[in-house]
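Taken in order, the sequence shown gives residues 471 to 992; the numbers are from my numbering.
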Amino acid sequence: MKQSSIFTAALSSLALLIMTACSTTPTDMTKANIIPKPVSVTATGETFSLTRNSDIFVPEGSVDIISTGQFLADKLNPSTGLDLQVIADGTKPGKGDILLTLSEGDAELGEEGYELEVTGKLLKITANKPAGLFYGVQTVRQLLPAGVETTTLQEGLWEIPTGTIRDYPDYSYRGMMRDVARHFFSADDIKIFIDQMAAYKMNVLHLHLSDDQGWRIEITSWPNLAIHGGSTQVGGGEGGYYTREQYADMVKYAAERYITIIPEIDMPGHTNAALASYPELNISRKASELYTGIKVGFSTLDTKSEVTYKFVDDVFRELTELTPGPYLHIGGDESHSTKLEDYIPFVNRVQEIVAAHGKMVIGWDEIALATLKPNSVVQYWAKAENAIKGVQQGAKVLMSPSKYAYIDMKYDSTSVYGLNWAGYIEVDHGYNWDPATLVPEIKRENIIGIEAPLWAETVSNRTEAEYLLFPRLLGYAEIGWTPTALRSWDEYRVRLASHGARLEAMGISFYRSARVEWDQQE
Ligand code: ACM
Numbered sequence: 471m472k473q474s475s476i477f478t479a480a481l482s483s484l485a486l487l488i489m490t491a492c493s494t495t496p497t498d499m500t501k502a503n504i505i506p507k508p509v510s511v512t513a514t515g516e517t518f519s520l521t522r523n524s525d526i527f528v529p530e531g532s533v534d535i536i537s538t539g540q541f542l543a544d545k546l547n548p549s550t551g552l553d554l555q556v557i558a559d560g561t562k563p564g565k566g567d568i569l570l571t572l573s574e575g576d577a578e579l580g581e582e583g584y585e586l587e588v589t590g591k592l593l594k595i596t597a598n599k600p601a602g603l604f605y606g607v608q609t610v611r612q613l614l615p616a617g618v619e620t621t622t623l624q625e626g627l628w629e630i631p632t633g634t635i636r637d638y639p640d641y642s643y644r645g646m647m648r649d650v651a652r653h654f655f656s657a658d659d660i661k662i663f664i665d666q667m668a669a670y671k672m673n674v675l676h677l678h679l680s681d682d683q684g685w686r687i688e689i690t691s692w693p694n695l696a697i698h699g700g701s702t703q704v705g706g707g708e709g710g711y712y713t714r715e716q717y718a719d720m721v722k723y724a725a726e727r728y729i730t731i732i733p734e735i736d737m738p739g740h741t742n743a744a745l746a747s748y749p750e751l752n753i754s755r756k757a758s759e760l761y762t763g764i765k766v767g768f769s770t771l772d773t774k775s776e777v778t779y780k781f782v783d784d785v786f787r788e789l790t791e792l793t794p795g796p797y798l799h800i801g802g803d804e805s806h807s808t809k810l811e812d813y814i815p816f817v818n819r820v821q822e823i824v825a826a827h828g829k830m831v832i833g834w835d836e837i838a839l840a841t842l843k844p845n846s847v848v849q850y851w852a853k854a855e856n857a858i859k860g861v862q863q864g865a866k867v868l869m870s871p872s873k874y875a876y877i878d879m880k881y882d883s884t885s886v887y888g889l890n891w892a893g894y895i896e897v898d899h900g901y902n903w904d905p906a907t908l909v910p911e912i913k914r915e916n917i918i919g920i921e922a923p924l925w926a927e928t929v930s931n932r933t934e935a936e937y938l939l940f941p942r943l944l945g946y947a948e949i950g951w952t953p954t955a956l957r958s959w960d961e962y963r964v965r966l967a968s969h970g971a972r973l974e975a976m977g978i979s980f981y982r983s984a985r986v987e988w989d990q991q992e
């Protein structure tokens, strides 16, 4: 054979080998590349197959569980063509079916855990609460080949290894933040992101709805906030805002995926968009100009004016109407133009306003300089000493250390988007930390969970945002869900590699870090 034909022959036998490897019937559940890593997996060495006869059985009359069953059917049907139906008429499942069922009595599983038991005959998910069934369904997606994530019909055997997974989260708050103020992202973009978070069992989406560059939520009692304050963005584009209806629809869409939306109105700094919309909020009583740059620390509400507190009360009253969740985020960061003697009483009073609306406060770590209410939450991003002050006041801490969890930081010096003021965050660096030991004075029992914020100075559309979000989001999902003792980078990177094909099938534009050997495992 000529050299080139030897090469071709070698290539085609390699391709055959890869195809054979890919189509091997999966029998070892412990080898499944699930992210976040489950608490326990016991394999029984056989295979369960979804076929044309398979359906999804749910209890009669449970709207939430029917909806989760339908979520699974809607995910699997386009790619598998199996036409799975959700059956809620009290009939029993047969061979090859999926069963979602509630059990009240499994204390270890808690509010969000699930047990997934797969035999050759049946795939059964059991949980105490519907949320657990929803998370069990996310695991089922990952037990199937990556092609299941596409929306077009795929050739393939839809097989799952048998065994039992018992799984529940370490932290109850597993969040992401999207800054829709520096650049506006449409409600449709955010819904796509909500689905991406849900696939990895995250449960809080914090929306940074206002900043110097834009105000992004309609407030009926102060209409100019959105109309004028929402009319531009970084770089001078047209900006935008969510109407109340659009926002309510996002909240509902998220809730159907067990995600709570927390709205943030940043104050007393980061308020130029509001100050440009209403002269009476300014110390000078003159409206400021709209701002499209990326400097921080130059704006402040007039903390001594009663009009300001009327504004805060109206905004949080309207946001409370749109917020079923327990928290309102008051910002509080980088108020460099507010004197500390004005900042402290302002934060104290805003906490009272939020409490009067029946909600609890989250604020960036600077709010710990004020007198915190016992149920206020300090979001640690910059200064450990602030977060420690919060703990000393009895507050809980949300961990978003900028050096590890700021998803707007570049991966390295060659990253196309992102900033680097908190350092570079390669995929391993973003994964390799433990919220419960990062700051010795902040203990596990002080921490409600973790959140990775995506600030949007440098990203203006979904593709650009996804480059920074993925694959790092998967690591933050695992830090929030999986006990630290079960996590290691060397093992995680192998699982992460197999998610390359999955992310691609989901249509996500992700950063192919050289520290991961992508797609060797699918
Ligand atoms: C922040 O990054 N200014 C909270």
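For every residue, glycine included, the Cβ atom is placed at its ideal position computed from N, Cα and C.
Note down the Cα distance separating residue i from residue j, rounded to an integer number of angstroms.
i              : j              : result
glycine 893    : glutamine 703  : 25 angstroms
valine 777     : aspartate 736  : 17 angstroms
asparagine 916 : alanine 947    : 19 angstroms
valine 535     : glycine 706    : Here residue 535 is isoleucine; the residue named in the question, valine, does not match the sequence. Looking at the two C-alpha atoms, the distance is approximately 45 angstroms.
glycine 970    : glycine 763    : 35 angstroms
glutamine 862  : valine 847     : 12 angstroms
alanine 935    : leucine 924    : 8 angstroms
leucine 623    : lysine 545     : 12 angstroms
tyrosine 761   : leucine 789    : 24 angstroms
isoleucine 800 : asparagine 818 : 11 angstroms
serine 532     : threonine 561  : 15 angstroms
leucine 593    : alanine 865    : 42 angstroms
cysteine 492   : alanine 967    : Note that cysteine 492 scores 48 on pLDDT, short of 50, meaning its location in the model is unreliable and no value can be drawn from it.
isoleucine 978 : leucine 938    : 11 angstroms
alanine 906    : serine 758     : 43 angstroms
alanine 984    : valine 886     : 15 angstroms
leucine 569    : tryptophan 692 : 50 angstroms
serine 843     : glycine 767    : Before going on, a small fix: residue 843 reads as lysine here, not serine. In a straight line, the C-alpha of lysine 843 is about 26 angstroms away from that of glycine 767.
Answer with buried or exposed for residue i, where buried requires no fewer than 16 other C-beta atoms within 10 angstroms of its C-beta.
i                 : result
leucine 679       : buried
threonine 458     : Here the chain has residues from 471 to 992 only, and residue 458 is not among them.
alanine 875       : buried
serine 805        : buried
aspartate 904     : exposed
glutamate 530     : exposed
proline 738       : buried
valine 785        : buried
threonine 770     : buried
glycine 617       : buried
glycine 606       : buried
phenylalanine 980 : buried
leucine 973       : buried
What is the residue span of the alpha helix (DSSP H) that residue i lies within?
i              : result
alanine 826    : 810-826
methionine 672 : No alpha helix (DSSP H) holds methionine 672; DSSP gives it neither H nor E.
histidine 653  : Run containing histidine 653: none; DSSP gives neither H nor E here.
isoleucine 535 : 533-550
proline 960    : The sequence shown places aspartate at residue 960, rather than the proline named in the question. Run containing aspartate 960: 959-975, per the alpha helix (DSSP H) assignment.
histidine 799  : Note, histidine 799: premise wrong, no alpha helix (DSSP H); beta strand (DSSP E) at 797-801.
leucine 996    : Summary: the structure shown does not reach residue 996, with the chain confined to residues 471 through 992, and so no result is reported for it.
valine 509     : Taken as a continuous stretch (DSSP letters only), valine 509 belongs to no alpha helix (DSSP H), as it is neither H nor E.
alanine 456    : No answer is possible for residue 456: it lies beyond the span of the chain, which begins at 471 and ends at 992.
tyrosine 881   : Careful: tyrosine 881 lies outside any alpha helix (DSSP H) and carries neither H nor E.
alanine 935    : 932-939
glycine 900    : 897-901
Going by DSSP, what residue range makes up the beta strand (DSSP E) through residue i?
i              : result
glycine 1010   : Outside the displayed range of the chain (471 to 992) lies residue 1010, so it cannot be described from this structure.
alanine 558    : Premise fails: alanine 558 is in no beta strand (DSSP E) and is neither H nor E.
arginine 942   : First-last for arginine 942: 942-951, but that is the alpha helix (DSSP H), not the beta strand (DSSP E).
leucine 614    : No beta strand (DSSP E) holds leucine 614; DSSP gives it neither H nor E.
glycine 919    : 917-924
threonine 634  : 628-637
threonine 841  : Here threonine 841 belongs to no beta strand (DSSP E), and DSSP marks it neither H nor E.
aspartate 567  : 567-572
tyrosine 584   : 584-588
tryptophan 834 : 830-834
valine 847     : 847-850
leucine 889    : Element bounds for leucine 889: n/a, residue is neither H nor E.
**Request:** Take every Cβ of the segment 645-658, pair it with every Cβ of the segment 888-902, and state whether three or more of those distances are shorter than 8 angstroms.
**Result:** With a cut-off of 8 angstroms, the segment 888-902 and the segment 645-658 do not count as touching, because too few Cβ pairs lie within range.
**Item:** Segment contact, 8 angstroms Cβ cut-off, at least three pairs: the segment 700-714 with the segment 801-815
**Value:** Not touching, per the Cβ criterion.
**Message:** With three or more beta-carbon pairs closer than 8 angstroms as the criterion, would you say the segment 553-560 touches the segment 603-622?
**Reply:** Not touching, per the Cβ criterion.
**Prompt:** At which residue ranges does the segment 702-777 contain complete alpha helix (DSSP H) runs of 4 or more residues, listed in the order of the chain?
**Reply:** List check, alpha helix (DSSP H) in window: 714-725, 742-747.
**Contact the segment 952-971 vs the segment 650-667: 3+ CB pairs below 8 angstroms** = Counting C-beta pairs with one atom in each stretch, the segment 952-971 and the segment 650-667 have fewer than three that are closer than 8 angstroms, which means they do not touch.
**Request:** Say whether the segment 925-933 touches the segment 902-915, bearing in mind that this needs 3 or more beta-carbon pairs closer than 8 angstroms, one atom from each stretch.
**Result:** Touching, no, given that fewer than three Cβ pairs across the two stretches are closer than 8 angstroms.
**Prompt:** Pairing CB atoms from the segment 514-523 with CB atoms from the segment 682-693, are three or more of them under 8 angstroms?
**Reply:** The segment 514-523 makes no contact with the segment 682-693, as fewer than three CB pairs between them are under 8 angstroms.
**Request:** Give a yes or no on contact between the segment 632-640 and the segment 938-952, applying the rule of three or more CB pairs nearer than 8 angstroms.
**Result:** Contact annotation: the segment 632-640 touches the segment 938-952, with at least three C-beta pairs closer than 8 angstroms.
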